Amino acid sequence: MTSTDFSASPSFEDGLAVIVVAAGSGTRLGYGMPKALVPVAGRPILEIALESVARAAPGADIIVTVPAGDSGLSDVAAAHGARPVTGGATRAQSVACGLAALGSDSRFVLVHDAARCLVPTRVTSAVVAALASGERAVVPVLPVTDTVRGVDAQGHSTGTVDRSGLRAVQTPQGFEAQLLVDVNLQAGLLERDEQGALTPVDRAEDPEGITDDASLIERFTPEVPVTFLAGDEESFKITRPFDLITARAVLEERAR
Numbered sequence: 126m127t128s129t130d131f132s133a134s135p136s137f138e139d140g141l142a143v144i145v146v147a148a149g150s151g152t153r154l155g156y157g158m159p160k161a162l163v164p165v166a167g168r169p170i171l172e173i174a175l176e177s178v179a180r181a182a183p184g185a186d187i188i189v190t191v192p193a194g195d196s197g198l199s200d201v202a203a204a205h206g207a208r209p210v211t212g213g214a215t216r217a218q219s220v221a222c223g224l225a226a227l228g229s230d231s232r233f234v235l236v237h238d239a240a241r242c243l244v245p246t247r248v249t250s251a252v253v254a255a256l257a258s259g260e261r262a263v264v265p266v267l268p269v270t271d272t273v274r275g276v277d278a279q280g281h282s283t284g285t286v287d288r289s290g291l292r293a294v295q296t297p298q299g300f301e302a303q304l305l306v307d308v309n310l311q312a313g314l315l316e317r318d319e320q321g322a323l324t325p326v327d328r329a330e331d332p333e334g335i336t337d338d339a340s341l342i343e344r345f346t347p348e349v350p351v352t353f354l355a356g357d358e359e360s361f362k363i364t365r366p367f368d369l370i371t372a373r374a375v376l377e378e379r380a381r
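One rule links them: number in the working numbering = place in the sequence shown (from 1) + 125.
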């Protein structure tokens with residue numbers, strides 16, 4: 126993996142698509158509704174995420190993966206000019222559903238978690254600028270600042286892990302569209318029907334060790350470098366109730 130500094134660019138070429146993954150159940154938030162519908166400062170997480178994407182990538186083809194049988198998230202997506210598609214049982218399967226819905230003219234694709242609804246515009250802009258400059262797989266990251274320790278099978282410490290070589294991964298992750306389609310085909314997350322159209326595969330589980338889209342690149346096309354660029358603390362993922370408090374505070378600070 127390489128690390129490169131790209132300046133943000135307001136110029137986005139035709140052929141940019143964004144898959145916003147919003148099919149999560151949000152069980153840990155405890156609201157009894159899909160996570161992306163949970164309100165932050167009175168607005169659904171998905172709405173805030175889509176507004177952020179639209180500011181950073183005007184004119185992009187935006188696809189939102191939603192839970193099966195959904196109506197609420199689909200309404201939010203449509204109201205913001207995005208195309209809702211039914212996602213899968215896991216995040217990777219939902220991304221595959223989004224890839225199957227890509228237009229034939231898609232050259233680049235960003236994959237973004239709706240739960241990272243506060244990602245600053247400059248981060249998304251920098252990801253696209255890196256793709257436009259010729260990078261094929263781009264991931265925003267942050268240095269790991271906490272002390273990290275290993276643990277054995279008995280729950281005992283095996284010592285402090287050197288954090289200088291560790292990075293926390295964020296989204297949006299950007300890819301050459303055909304590259305991401307190809308690795309999803311190799312992973313068995315996508316297949317082609319008799320007419321050659323892409324179809325998501327209903328799997329019992331994801332391929333082992335696949336935790337994000339960049340890990341598919343590393344597994345199936347190791348010759349393609351995954352380029353790191355600077356992420357942002359405000360790109361945190363809303364997962365637990367405390368994260369909602371933090372998100373409200375960020376929005377209030379931005380409104381000042």
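Cβ coordinates follow ideal geometry from the N, Cα and C atoms, glycine included.
Since this is a predicted model, take the numbers as computed values, not measurements.
Here residue 366 is not bridged, per DSSP, to any residue. Spatial neighbours of residue 306 in its own chain (CB-CB distance under 6 Å, excluding positions within 5 residues in sequence) are listed in chain order as 224. Looking at the DSSP output, residue 300 sits in a beta bridge with 234, 262. Under the DSSP assignment, residue 285 falls in the beta strand (DSSP E) whose first and last residues are 282-286. Ranked by how close their Cα comes to the Cα of residue 185, the residues 250, 315, 362 have 250 in first place.
Following the DSSP letters along the chain, one finds residue 186 inside the beta strand (DSSP E) bounded by residues 186-191.
In this structure residue 159 is in contact with residue 195, their Cβ atoms being roughly 7 Å apart against a cut-off of 8 Å. C-alpha of residue 270 to C-alpha of residue 151: approximately 27 Å in a straight line.
Per the coordinates, the alpha-carbon of residue 202 lies some 44 Å from the alpha-carbon of residue 285.
Residue 159 is not bridged by DSSP to any residue. For residue 349, the three-state secondary structure derived from DSSP is coil.
In the structure shown, residue 143 adopts extended strand secondary structure according to DSSP, grouped into three states.
Beta-bridge partners of residue 211 (DSSP): 191. Collapsing the DSSP output to three states places residue 328 in coil. Between residue 170 and residue 242 a beta carbon distance of about 5 Å is seen, short of the 8 Å cut, so the two are scored as contacting. Rounded to whole angstroms, the separation of the alpha carbons of residue 364 and residue 379 is 21 Å.
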